[in-house]
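Trainee:
Number of protein chains: 2
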Amino acid sequence: MPLPLSLSSKVAPLPAVAQKALKAIVGSDALLTEPADCLPYGYDNSRQQALPQAVVFASEAAQIEAILALCNRHQIPLTPRGAGTGTTGATVPDQHGIVLSLERMDRILDIDPGNRLARVEPGVTNQTLQLALAEHGFFWPPDPTSASVCTIGGNLAYNSAGPRAVKYGTPRENTLGLQAVTGAAQTIRTGVNTTKGVVGYDLTRLLIGSEGTLAIITEATLKLTPLTQARQTLQASYRDIHAAAKAVSAIMAQPTTPCALEFMDGAALEMVRDFSDLALPPEVGALLMIEVDGASHSIEQIAAEVATAATVEGLIEIHQAKTTEEIAALWKTRKALSPALRNVAPKKINEDVVVPVSHIPRLIDELERLSAQSGITIINFGHAGNGNIHVNLLLDPDDPLQMAAGNAALSQLFDLVLALGGTISGEHGVGLAKRDFVPREIDPPTLELMRAIKRQFDPNNILNPGKLFTYS
Amino acid sequence: MPLPLSLSSKVAPLPAVAQKALKAIVGSDALLTEPADCLPYGYDNSRQQALPQAVVFASEAAQIEAILALCNRHQIPLTPRGAGTGTTGATVPDQHGIVLSLERMDRILDIDPGNRLARVEPGVTNQTLQLALAEHGFFWPPDPTSASVCTIGGNLAYNSAGPRAVKYGTPRENTLGLQAVTGAAQTIRTGVNTTKGVVGYDLTRLLIGSEGTLAIITEATLKLTPLTQARQTLQASYRDIHAAAKAVSAIMAQPTTPCALEFMDGAALEMVRDFSDLALPPEVGALLMIEVDGASHSIEQIAAEVATAATVEGLIEIHQAKTTEEIAALWKTRKALSPALRNVAPKKINEDVVVPVSHIPRLIDELERLSAQSGITIINFGHAGNGNIHVNLLLDPDDPLQMAAGNAALSQLFDLVLALGGTISGEHGVGLAKRDFVPREIDPPTLELMRAIKRQFDPNNILNPGKLFTYS
Numbered sequence: 001m002p003l004p005l006s007l008s009s010k011v012a013p014l015p016a017v018a019q020k021a022l023k024a025i026v027g028s029d030a031l032l033t034e035p036a037d038c039l040p041y042g043y044d045n046s047r048q049q050a051l052p053q054a055v056v057f058a059s060e061a062a063q064i065e066a067i068l069a070l071c072n073r074h075q076i077p078l079t080p081r082g083a084g085t086g087t088t089g090a091t092v093p094d095q096h097g098i099v100l101s102l103e104r105m106d107r108i109l110d111i112d113p114g115n116r117l118a119r120v121e122p123g124v125t126n127q128t129l130q131l132a133l134a135e136h137g138f139f140w141p142p143d144p145t146s147a148s149v150c151t152i153g154g155n156l157a158y159n160s161a162g163p164r165a166v167k168y169g170t171p172r173e174n175t176l177g178l179q180a181v182t183g184a185a186q187t188i189r190t191g192v193n194t195t196k197g198v199v200g201y202d203l204t205r206l207l208i209g210s211e212g213t214l215a216i217i218t219e220a221t222l223k224l225t226p227l228t229q230a231r232q233t234l235q236a237s238y239r240d241i242h243a244a245a246k247a248v249s250a251i252m253a254q255p256t257t258p259c260a261l262e263f264m265d266g267a268a269l270e271m272v273r274d275f276s277d278l279a280l281p282p283e284v285g286a287l288l289m290i291e292v293d294g295a296s297h298s299i300e301q302i303a304a305e306v307a308t309a310a311t312v313e314g315l316i317e318i319h320q321a322k323t324t325e326e327i328a329a330l331w332k333t334r335k336a337l338s339p340a341l342r343n344v345a346p347k348k349i350n351e352d353v354v355v356p357v358s359h360i361p362r363l364i365d366e367l368e369r370l371s372a373q374s375g376i377t378i379i380n381f382g383h384a385g386n387g388n389i390h391v392n393l394l395l396d397p398d399d400p401l402q403m404a405a406g407n408a409a410l411s412q413l414f415d416l417v418l419a420l421g422g423t424i425s426g427e428h429g430v431g432l433a434k435r436d437f438v439p440r441e442i443d444p445p446t447l448e449l450m451r452a453i454k455r456q457f458d459p460n461n462i463l464n465p466g467k468l469f470t471y472s
Numbered sequence: 001m002p003l004p005l006s007l008s009s010k011v012a013p014l015p016a017v018a019q020k021a022l023k024a025i026v027g028s029d030a031l032l033t034e035p036a037d038c039l040p041y042g043y044d045n046s047r048q049q050a051l052p053q054a055v056v057f058a059s060e061a062a063q064i065e066a067i068l069a070l071c072n073r074h075q076i077p078l079t080p081r082g083a084g085t086g087t088t089g090a091t092v093p094d095q096h097g098i099v100l101s102l103e104r105m106d107r108i109l110d111i112d113p114g115n116r117l118a119r120v121e122p123g124v125t126n127q128t129l130q131l132a133l134a135e136h137g138f139f140w141p142p143d144p145t146s147a148s149v150c151t152i153g154g155n156l157a158y159n160s161a162g163p164r165a166v167k168y169g170t171p172r173e174n175t176l177g178l179q180a181v182t183g184a185a186q187t188i189r190t191g192v193n194t195t196k197g198v199v200g201y202d203l204t205r206l207l208i209g210s211e212g213t214l215a216i217i218t219e220a221t222l223k224l225t226p227l228t229q230a231r232q233t234l235q236a237s238y239r240d241i242h243a244a245a246k247a248v249s250a251i252m253a254q255p256t257t258p259c260a261l262e263f264m265d266g267a268a269l270e271m272v273r274d275f276s277d278l279a280l281p282p283e284v285g286a287l288l289m290i291e292v293d294g295a296s297h298s299i300e301q302i303a304a305e306v307a308t309a310a311t312v313e314g315l316i317e318i319h320q321a322k323t324t325e326e327i328a329a330l331w332k333t334r335k336a337l338s339p340a341l342r343n344v345a346p347k348k349i350n351e352d353v354v355v356p357v358s359h360i361p362r363l364i365d366e367l368e369r370l371s372a373q374s375g376i377t378i379i380n381f382g383h384a385g386n387g388n389i390h391v392n393l394l395l396d397p398d399d400p401l402q403m404a405a406g407n408a409a410l411s412q413l414f415d416l417v418l419a420l421g422g423t424i425s426g427e428h429g430v431g432l433a434k435r436d437f438v439p440r441e442i443d444p445p446t447l448e449l450m451r452a453i454k455r456q457f458d459p460n461n462i463l464n465p466g467k468l469f470t471y472s
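So the protein sequences, as listed, match chains U and X. Quick note: the UniProt record's numbering has the first sequence finishing at residue 472, numbered continuously throughout. Quick note: the UniProt record's numbering has the second sequence finishing at residue 472, numbered continuously throughout.
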């Protein structure tokens, strides 16, 4: 729930000595201290917000070291921030202090196609990088929906993936090394410039997905993948989710992995039927959007193989798109969904659970039961190839009874997902939103080790305190 | 250098109370205490050895918890061990204590093709797993040369890769989750059962490659890859290493990544010319072995694309093998190398450095200079697609002058590799052999954080003490 704005203005300013020191580090054009200026840096896409006491824009790693040293001296919490597109409140400064914006560290330092790597600062947007890489015939696989504005630093902090992860992996599989400043204001270098390397512990992956609680990434060496020549899109409609899920399993059991394998359940299709002009026969109960890529000479065959795997009992129809226009027409169904959802329930809860692919039908069945029980409309879609389902609970946040029912349903959803061998977050992360549920997934000794690691990187608990898990 | 055997017998036995407790935990048929029985568990493939005070064979995780609790109470060092095929001394109990053999924990617990995963105990050999997976149409990508005997636990402990890593990655890219017992005798569960998951820190990758210094892996959930339908092998010969390296860069810059891209330098070919009956024209100065895989319908085209990329100035000839016999004939050149090397220099130093692919020619040039300077024959071959070069120094260990020159050359090699942006180990790891060189690659604050992490997992420094880095 958003904090009332009136509360925000009661936050005390930073001590004058700290303000002065910050100004000396970054200059006055890189420091905001007026509440009205700071407020836009106090929220993300989670609908939570809090007022930072200052916003600082770093332009180089040395400044970040100095800022963190200052924070340690004065015990000021620091929240790092990319573009603020996260959905869990991980960049919301709920303990006030300083928001460190990385948006000005936005240089692509090197693109090295011969070695399949790029070095970037954290503030580069995903899209800017992809455009620059495309000129060399490469891409970086992670492709969150917010790619046009979200930053590489944010992608790394959350291990944000997107549809392509089913074939190409998440940031953890596509990052070679990092430079970072720890909570103790120490600069560290992790990983290597090569695709193999086993000297010392893997701190690269430890930092990726740590939501800014261990260190601030100041530079990343990313592993690049060559762009494929050709792509084709298939839309397969099924009688029900069971048939669609069977198709997902069949597709994932054969050698050709699609570069996107997205699904929409019956409730999602109902939504699109009402809010778009797409023709969807009434007997369609679930839809798969399948994208394949490969060499031009083999793309037809690849598409045919995947289409064969997708042909299971309960299939109603497969459309194959070959031209840009046909592809756009097919994706229209999927893309109509988000505006439709926003239209119906602007304040929906959008969850991000993952279950092993074979358990998707069970999950959807249970969600239908939960929906009937609670009276809450639940719409499901997502990255079926990874078992990553975005579960949307359409709630009116101004209705306390409905909110209570929604929270009870969420709690049951998480228990169900864990019972099915899944995880409560596939790509959105924990932040503030799921923090209290983490102990359901991670057992006490493992969680205690994570806290112990946090203490090594950030002994004074300066960096993004209280995010990811409670820290004591 | 091996310890003299006479030293070994002077190791005091474990305290009687500890021996009795071990017997109570695992039973007398799973405990060795006689030096003659223990000795075979005191060496690996590094030519180092030391006598453990006891060898214990665990058959379940609960026993490992109890053994580690005992070690903590009595401050007994414990060295975990798979098949002992490592080359760096990481499983050599140089501080004596207990060797914990995982060879009896060799069950494949689950193969789940629908979810592309397998759960295994650490003592399963790589080959046993691959054979079982093949029945389901899958494989696990890591394929060290020792696959027929080495264990999955060992593969994970070293992040051992092999040729296929160029296309399919190392264990870090192919493992979903782990169960492990920390040095503090706590059982932890890391990671997930799915290909996405961002709840908490990535302890899975932290344990992979940690060489048994943090925790003992008792179960691993592995990510499976479908077997491809077809494979083809190409052998390309070049005038010199510069031409071959240019071909490697060209191959790695196009979309079709080979599933093996191996190289042999001129000195390696000289060796094979002398010790095999293969016909290699005298003008050949470097050789690439290229394997491609894919769907049957496209394998010809894939091979043709890679052959085109491999056709750079300085190419002498490309052979393409299509039948099993032709493939075997082509690999004969590469496979003749190891016996030839053993024949000439049974006690060679085999290094495992990595440089960015574009720097391979520079590395080989400098190695030639180093060879001329030191009078030591240096033979280079390896996984060119990853820049992972096995540098072999042919030394007589009984000649102290040559050994001194060899060690000086090694030191220069490591400096060179680091100056080229590389790493001193790609897949063999650090163990005892490279421990003293680690501070050249990892800077003090980063190394100190690794030590701090070690202390959290293993506060009494029980687990494989002194391996990977010195611990204080």
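Positions of the beta carbon are idealized from the N, C-alpha and C atoms, including for glycine.
Could you tell me the distance, in whole angstroms, from the CA atom of X:MET271 to the CA atom of X:PRO400?
Mentor: If you take the alpha carbons of X:MET271 and X:PRO400, they lie about 25 Å apart.
Trainee: Strictly by DSSP, which residues pair up with U:ASP112?
Mentor: The partner list for U:ASP112 (beta bridge, DSSP) reads U:LEU117.
Trainee: Since X:GLU155 is in the alpha helix (DSSP H), which residue starts that stretch and which ends it?
Mentor: Going by the sequence as given, residue 155 of chain X is Asn instead of Glu. Residues 152 to 158.
Trainee: In this structure, does DSSP put U:GLU291 in helix, strand or coil?
Mentor: Three-state result, U:GLU291: strand.
Trainee: What does a CB cutoff of less than 6 Å around X:ALA12 pick up in its chain, not counting 5 residues either side in sequence?
Mentor: Nothing listed; no residue qualifies.
Trainee: With a threshold of 8 Å between beta-carbons, can X:GLY200 be considered close to chain U, or not?
Mentor: Interface residue, yes.
Trainee: Which two residues bound the contiguous alpha helix (DSSP H) that contains X:GLY406?
Mentor: Looking at the DSSP string, the run of the alpha helix (DSSP H) that includes X:GLY406 is 400 to 419.
Trainee: What whole-angstrom Cβ distance do U:LYS348 and U:ASN392 have, given they're in contact under 8 Å?
Mentor: U:LYS348 to U:ASN392, Cβ: 5 Å. Contact.
Trainee: For my contact list, X:ALA405 and X:GLY375 are in at a C-beta cut-off of 8 Å; report their separation, rounded to the angstrom.
Mentor: Indeed, because the Cβ distance is near 7 Å, the residues count as touching under 8 Å.
Trainee: Which residues, in order along the region 382 to 413 of chain U, keep a beta-carbon less than 9 Å from a beta-carbon of chain X?
Mentor: Against chain X - using a Cβ distance shorter than 9 Å - the residues of the region 382 to 413 of chain U are HIS383, GLY385, ASN386, GLY387 and ASN388.
Trainee: Report the neighbours of X:ARG231 on chain U: residues whose CB is nearer than 8 Å to its CB, in chain order.
Mentor: Neighbours of X:ARG231 on chain U: none; closest Cβ ~12 Å, over 8 Å.
Trainee: X:SER59 to X:GLN179, Cα distance in whole Å?
Mentor: Roughly 15 Å separates the two Cα atoms.
Trainee: Report all residues from its chain with a CB closer than 6 Å to the CB of X:ILE327; omit the five preceding and five following residues, and keep chain order.
Mentor: Excluding positions up to five away in sequence, the list reads THR233 and ALA321.
Trainee: Starting from U:TYR238, follow its DSSP beta bridges and name the residues at the other end.
Mentor: Looking at the DSSP assignment, U:TYR238 forms a beta bridge with U:ALA286 and U:LEU315.
Trainee: Please confirm whether U:VAL438 has its beta-carbon closer than 8 Å to some beta-carbon of chain X.
Mentor: For U:VAL438, the answer is yes, since a Cβ of chain X falls inside 8 Å of its Cβ.
Trainee: Flag this pair as touching only if the region 99 to 114 of chain X and the region 441 to 449 of chain X have three or more C-beta atom pairs under 8 Å; answer yes or no.
Mentor: Too few Cβ pairs lie closer than 8 Å, so no.
Trainee: Measuring only the C-alpha atoms, how far is U:SER46 from X:ALA134?
Mentor: Approximately 45 Å, taken between the alpha carbons.
Trainee: Do we get a CB-CB distance below 8 Å when we pair residue 486 of chain X with the residues of chain U?
Mentor: Nothing can be reported for residue 486 of chain X: it is not among the residues displayed for chain X, which extend from 1 to 472.
Trainee: Considering U:HIS383, what are the terminal residues of the beta strand (DSSP E) in which it resides?
Mentor: Note, U:HIS383: beta strand (DSSP E), 377 to 383.
Trainee: Are the CB atoms of X:GLY66 and X:LEU14 nearer to each other than 8 Å?
Mentor: Residue 66 of chain X is actually Ala in this sequence, not Gly. Not closer than 8 Å, so no.
Trainee: Determine, for U:GLN19, whether the minimum Cβ-Cβ distance to residues of chain X falls below 8 Å.
Mentor: Closer than 8 Å: no.
Trainee: Note down, in chain order, each residue of its chain lying with its Cβ closer than 8 Å to the Cβ of U:MET1, except the 5 sequence neighbours on either side.
Mentor: For U:MET1, the pLDDT reaches just 41, beneath the cut-off of 50, and the residue's location in the model is therefore unreliable, although a value from the coordinates is still provided. Excluding residues within five positions, the ones whose Cβ falls inside 8 Å are ARG47, GLN48 and PRO397.
Trainee: What did DSSP end up calling X:SER101 once you bin it into helix, strand or coil?
Mentor: X:SER101: strand per DSSP, three-state reduction.
Trainee: Please return the same chain residues whose Cβ sits closer than 6 Å to the Cβ of U:LEU70, not counting the five positions on each side in sequence.
Mentor: Contacts found: ALA21.
Trainee: Residues in its own chain within less than 6 Å of X:VAL166 by CB, not counting five upstream and five downstream?
Mentor: Closer than 6 Å at Cβ, skipping near neighbours: LEU261, GLY385 and ASN386.
Trainee: For the region 165 to 186 of chain X, list every residue whose C-beta sits within 8 Å of some C-beta in chain U, in sequence order.
Mentor: Answer set for the region 165 to 186 of chain X: ALA165, VAL166, GLY169, THR170, ARG172, GLU173, THR182 and GLN186.
Trainee: In whole angstroms, give me the CA-to-CA distance for U:TYR238 and X:VAL181.
Mentor: Spanning the two alpha carbons is a distance of roughly 45 Å.
Trainee: Going by other Cβ atoms of all chains shown within 10 Å of its Cβ, with 16 needed for buried, is U:PRO356 buried or exposed?
Mentor: Buried.
Trainee: Short of 8 Å Cβ to Cβ, which residues in the region 284 to 316 of chain X face chain U?
Mentor: Hits within the stretch, in order: GLY294, ALA295, HIS297, SER298, GLN301, ILE302 and GLU305.
Trainee: Distance check for X:TYR43 and X:ALA90, CA to CA, integer angstroms please.
Mentor: Whole-angstrom Cα-Cα distance: 9 Å.
Trainee: Spatial neighbours of U:PRO459 within its chain, please: C-beta separation below 8 Å, excluding the five flanking residues on both sides.
Mentor: Closer than 8 Å at Cβ, skipping near neighbours: GLY183 and ALA184.
Trainee: Where does U:HIS136 fall in DSSP's three states?
Mentor: Coil at U:HIS136, not helix or strand.
Trainee: When Cβ atoms are compared, which residues of the region 423 to 436 of chain U fall closer than 9 Å to chain X?
Mentor: Residues passing the 9 Å Cβ filter: THR423, ILE424, SER425, GLY426, GLU427, HIS428, GLY429, VAL430 and LYS434.
Trainee: Could you round the C-beta distance between X:GLU305 and X:GLN254 to whole angstroms and report it? I think they count as a contact, below 8 Å.
Mentor: At roughly 7 Å, the Cβ-Cβ gap stays under 8 Å, so X:GLU305 and X:GLN254 are in contact.
Trainee: Is it buried or exposed, U:ASP352, if we count other Cβ atoms within 10 angstroms and call 16 or more buried?
Mentor: Burial call: buried.
Trainee: Under the DSSP definition of a beta bridge, which residues are partnered with X:HIS390?
Mentor: X:PHE381.
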